[in-house]
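Presented below is the structure to which this report refers.
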Amino acid sequence: MNTTSLIVLLFAPLIGFLINVFFGRKMSKNLSGVVGTASVLLSFVITLLLFFSVKQPITLHLSEWFSIGKLAVNFDFVFDQLSILWLLFVTGIGTLIHIYSISYMHDDENMYKFFAYLNLFIFFMITLVAGSNLLIMFIGWEGVGLCSYLLIGFWYKNQDYNDAAKKAFIMNRIGDLGFLIGIFILGFATNTLEFSGIQQAIDVDGVVSTSGWYSIAAFCLFVGACGKSAQLPLYTWLPDAMAGPTPVSALIHAATMVTAGIFMITRMNFLFDIAPIVQNIIAVVGVTTALVAASIGLVQNDIKKVLAYSTVSQLGLMFLALGLGAYQVAVFHVITHAFFKACLFLGSGSVIHALHGEQDMRKMGGLRGSMKITYITFLIATLAIAGLPPFAGFWSKDEILLTAFHENKVLWVLATIASIMTAFYMFRLLYLTFFNEFRGTEEQKKHLHESPSLITFPLIVLAVLSALGGLISLPFGNSWLNHYLMPIFAHKEHAEHHLGATEYGLMAFAVLGALIGIGIAYNLYMKKKEVPTSDEVQGLHKVLSNKYYIDEIYMAIIVTPIYGLASFSKNFIEKYISKSVFGLGNVVSVLSIQGKKVQNGNVGFYLFAFVFSISAFLIYLFLIR
Amino acid sequence: MQSILEQVGIGNYIILSALLFCIGAFGILYRRNAIIMFMSIEIMLNAVNLLLVAFSTYHQDASGQVFVFFTMAVAAAEVAVGLAILVSIYRNIGNIDIDNLKNLKG
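Those protein sequences? They're chains D and G, same order as listed.
Following our numbering, the numbering of the first sequence begins with 1 at its first residue and continues without gaps.
Following our numbering, the numbering of the second sequence begins with 1001 at its first residue and continues without gaps.
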């Protein structure tokens, strides 16, 4: 691959962004959509070519950035197996979602802005993924955070949406601070920020000399990943981020950006491998997040909120895999999750579109008849996420469970419970939305329609991928993905699970668990035709409905004290400071009012003062002193 | 032949220029007519010139006299500018009494 095409791959979305930002207002809506889509499609095509031609990692040197002492940082990008894999699904799913958005956002007056932000997001995501050192990655990291903020608050006239955008940004900032500290520590300990350089330094230093620093750095990076990938305790922004338009939820808050944390940890796998304590923390945090988010997802009534919590829960499972050192398994789940979750979000967008903005599942139902394509694709994606063979989600989730089973039985039990819950709430969602009678208004019922083909086309593609995505890493030996990613994890021996009776038993158990979850959902929402009715619920259900009161707890222990401190500063400290400042100002102003009188415009007086002062000065010098 | 300086004595020169300077200073303080003030300034300037020349001779050093030439040339230029300003003041307010020039009052 020549350098030019790599540069095009990098900058095509940025150019799309610039065109849409500067000329979008004057262009027709379709044109700005086509420009946005084409620029991402171009990146995708080049990535595909890369994917088929590259065997060795390519580095692309753009320019130098800065160098301090021994530490030199350049605008370098590296295209190796890991980044190409990520680029493939970022640009691929990005293209599909751009196509979808042309139709979905067509009635919005700021459509050109939407495409500009989406393109900017893709650009930063490519930067994040392809950067060859931590600072370039950080640029992308911050950039996608910015785009996420802009797109969550896209409908800026609604104050709640603005608040959600701010919440996402601030939560991410907390994580970013950790990431930044981690970068500083690594730069201090290894004198380089290049991934390859850090890897060499760690190989040389080994586990002995400064591994304390490395562990701290690994923990800080993990905090950053927690913020971006919505893990406990920083996950609360992700459900609120559903305020953004649905394509945004699909692209940023399900398929790509939230997996940045997993990408970063996978990229730095050599660092995490020598920090077993941090790995344990990651595994525990991951499985806890999976469990907590899944349990909240059980009782949500907003269709996008359910999907959001399921995203958090799935991310938790990926972190579990990372914590167990099974990076390629986590990557596998990232990819399959990107397929089926994007499909689910786009499907829910299609439903919301048909119901003119209704997101409450209690007012849906019976859409199976009028929205056939949406229903079928949604069904496939649901089967995939619930973990039924042969759909993609089964293979990846099963590998995570398998790894957990081999490493730690407690983690395996918790993860299994989480995936049973997943099966339950996903089918609850499916039954409430597509089955039984329609529960909305008559007006809505008249307008029920299947979405246009620009919306259904991405759905179909993603449904096919959700169905077949598992093929890239089947557990029967010779997994393509493991083989492909081999160079990334070159330094460790490859432990592919040998499939014995235990493993097949575990698979069967996982399927059984999924079927149990589905069965409970069927019993409740198909047989008894229950509809979650009022908000007056009791006991555990109430706790779950209120999301374990975590937002309220954060409010009480963090936000309220900060507000208290702020009002103390405002009412006391600032008062005295401003009094003293104003006092000084008053003294000067009184002095100058008096001093002004000296300058009375009378030349005679000036001369007198002049002569008098000189004389006084001379008398002092010659006579008195 | 005795120089004029030795006949009169340096002390008298100093007293003379001090007197001239004080006359000039008092003139500036006392008179209100701008032209007369100008003349007073010239008297002060020339008092200094006289002193410079006297000391130059006293020390047998010609540089003081050279200085005086410079001072005179600069003073001439200054007078030209100053008188031009006075003319323009006169054109504007009709007289050159400095008590009328109070527009710069703070």
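We put the beta carbon where it would ideally sit given N, CA and C, even for glycine.
Quick caveat: nothing in here was measured; it's all calculated off a predicted structure.
- D/N586 is not bridged by DSSP to any residue.
- It is roughly 11 Å from the alpha-carbon of G/G1024 to the alpha-carbon of G/V1048.
- For G/F1070, the three-state secondary structure derived from DSSP is helix.
- Excluding its 5 nearest sequence neighbours in each direction, D/A243 has C-beta neighbours in its own chain below 6 Å: I152, Y161, A164, listed in chain order.
- One finds L607, V611 in chain D with Cβ atoms closer than 8 Å to the Cβ of G/I1028, taken in chain order.
- Within the same chain, and ignoring the five residues on either side of D/P458 in sequence, the residues whose Cβ sits closer than 7 Å to its Cβ are L96, I97, I99, Y100, L346.
- Taking all protein chains shown into account, D/S453 has fewer than 16 neighbouring C-beta atoms within 10 Å of its C-beta and is therefore exposed.
- DSSP, reduced to helix, strand and coil, places D/L474 outside both helices and strands of the structure shown, so it counts as coil.
- With distances taken between CA atoms, D/I126 lies nearest to D/F89 out of D/F89, D/Y156, D/K113.
- Taking one beta carbon from each stretch, the region 381-395 of chain D and the region 327-347 of chain D have 3 or more pairs nearer than 8 Å; the two touch.
- From the beta-carbon of G/R1032, the residues of chain D found nearer than 8 Å are G604.
- Contact between D/G175 and D/G227 holds, since their C-beta atoms are separated by about 2 Å, short of 8 Å.
- Non-local C-beta neighbours of D/I15 in its own chain, meaning closer than 7 Å and more than five positions away in sequence, comprise S39, ordered along the chain.
- Leaving aside the five residues that flank D/L465 on each side, the residues in its chain whose CB is nearer than 6 Å to its CB run, in chain order, F339.
- Closest in alpha carbon position to D/T336, among D/K597, D/T259, D/K409, is D/T259.
- Taking the CA atoms as reference points, D/G365 sits about 15 Å from D/H353.
- For the region 1083-1095 of chain G, there are no residues whose beta carbon sits under 8 Å from a beta carbon of chain D.
- For D/D107, the number of other beta carbons within 10 angstroms of its own is below 16, and it is reported as exposed.
- Just so you know, the alpha carbons of D/T422 and D/I385 end up roughly 8 Å apart.
- Between G/S1017 and G/L1045, the C-beta spacing is not below 8 Å.
- Interface with chain D (8 Å Cβ-Cβ cutoff): G/A1047 is excluded.
- Listed by position along chain D, the residues whose Cβ is nearer than 7 Å to that of G/I1098 are V603, G604.
- Where D/F75 is concerned, there is no enclosing alpha helix (DSSP H), although the beta strand (DSSP E) around it starts and stops at 71-79.
- By alpha-carbon distance to D/M171, the top candidate from D/Q159, D/A189, D/F188, D/S148 is D/S148.
- For the 8 Å CB-CB criterion, D/F44 and D/T91 form a contact.
- D/T288: member of the alpha helix (DSSP H) spanning 276-297, first to last residue.
- Between D/C220 and D/I265, the C-beta spacing is not below 8 Å.
- Residues L1045 of the same chain have their beta carbon placed closer than 6 Å to that of G/A1075, with the five preceding and five following residues left out of the count.
- In this structure, D/W86 is the residue among D/W86, D/N20, D/L62 with its C-alpha nearest to the C-alpha of D/T47.
- Interface annotation, G/A1025: in contact with chain D, CB-CB separation under 8 Å.
- Residue pairing for D/S67: DSSP places it in a beta bridge opposite D/A72.
- Distance from the CA atom of D/V292 to the CA atom of D/V34, rounded to whole angstroms, is 41 Å.
- Taking a 10 Å sphere around the C-beta of D/A217, we find 16 or more other C-beta atoms and assign the residue as buried.
- Under DSSP, D/T59 shares a beta bridge with D/V78.
- If you draw a straight line from the Cα of D/Y620 to the Cα of G/I1015, it is about 20 Å long.
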